[in-house]
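Novice:
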Amino acid sequence: MQPRQPGPRRQRHDRRRGPGQPNHARRQALTAVQARADLAVTKTSDAATYKPWSVITYTVIVVNNGPSDALRVVVTDELPTVRQTTYLSDTGRCTLRDDTLTCNLGDLPAGTRKSFDISIRVERARGEVTNRASVGSVTVDPDATNNTAIRTVIVHRGG
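First residue of the sequence shown? That's 18 in the working numbering, and the numbers climb one at a time after it.
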């Protein structure tokens, strides 16, 4: 049984004794079943090095490795500091607050993936520009080690 909703579930197991066996009473055992969905996030960029005032396009990919559906999946993306970059757009219907994008992806069935792009402009930045994305859900994730992705690019005059 793979529950679609988060939280513990009860599954009933009925066992009746056969004819000729004493006590035809019904016996029940309840087993708690909890949905689990191993979400993983990766992040890439359209290049590794950029010139100042260039546009960086990041691609965020979220995969549900199952075994259950992941409900109410959210990606949080920590944009580089405002002094370094300017947020331009995204294709994930995200909301921006301060330097953080919150992207509500909805439910993600087991074995499927969703991806979206984020575009920012690097301004006076020099050196490394780091961007971090994390994924979560109301469904229990048995492996949190793959829930964060970091992409670092280099900005310099030579581009």
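Here a beta-carbon is modelled for each residue, glycine too, at the ideal position from N, C-alpha and C.
With contact counted as at least three CB pairs below 8 Å, one residue from each stretch, are the stretch 60–73 and the stretch 125–145 in contact?
Specialist: At 8 Å Cβ cutoff, the stretches touch.
Novice: Looking at the unbroken beta strand (DSSP E) that takes in residue 130, where does it start and where does it end?
Specialist: Run containing residue 130: 130–139, per the beta strand (DSSP E) assignment.
Novice: When you compare the stretch 102–116 with the stretch 125–137, are there three or more beta-carbon pairs, one atom per stretch, that lie closer than 8 Å?
Specialist: Enough Cβ pairs lie closer than 8 Å, so yes.
Novice: Residue 58 and residue 166 - do their beta-carbons sit closer together than 8 Å?
Specialist: The answer is yes: Cβ separation under 8 Å.
Novice: Only counting the same chain, and skipping five residues up and downstream in sequence, which positions put a Cβ closer than 6 Å to that of residue 74?
Specialist: Excluding positions up to five away in sequence, the list reads 63, 134 and 136.
Novice: Write down every uninterrupted run of the alpha helix (DSSP H) in the stretch 91–129 whose length is 4 residues or greater and which is fully enclosed by it, in chain order.
Specialist: Here no run is fully enclosed.
Novice: Using DSSP's beta-bridge definition, name the partner residues of residue 152.
Specialist: Beta-bridge pairing links residue 152 to 92.
Novice: When DSSP labels each residue in this structure, what does residue 57 get in the three-state scheme?
Specialist: Three-state DSSP puts residue 57 in a strand.
Novice: What residue range does the beta strand (DSSP E) around residue 13 cover?
Specialist: Residue 13 is absent from the structure shown; the chain starts at 18 and stops at 176.
Novice: In terms of residue numbering, what span does the beta strand (DSSP E) encompassing residue 79 cover?
Specialist: It spans 72–84 - the beta strand (DSSP E) in which residue 79 sits, taken as one unbroken run.
Novice: Pull up the distance between the alpha-carbon of residue 61 and that of residue 53, whole angstroms please.
Specialist: Roughly 27 Å between the two C-alpha positions.
Novice: To the nearest angstrom, how far is the alpha carbon of residue 147 from that of residue 168?
Specialist: Cα to Cα, residue 147 sits roughly 6 Å from residue 168.
Novice: May I have the straight-line CA-CA distance separating residue 152 from residue 97, to the nearest angstrom?
Specialist: Cα to Cα, the separation comes out at about 18 Å.
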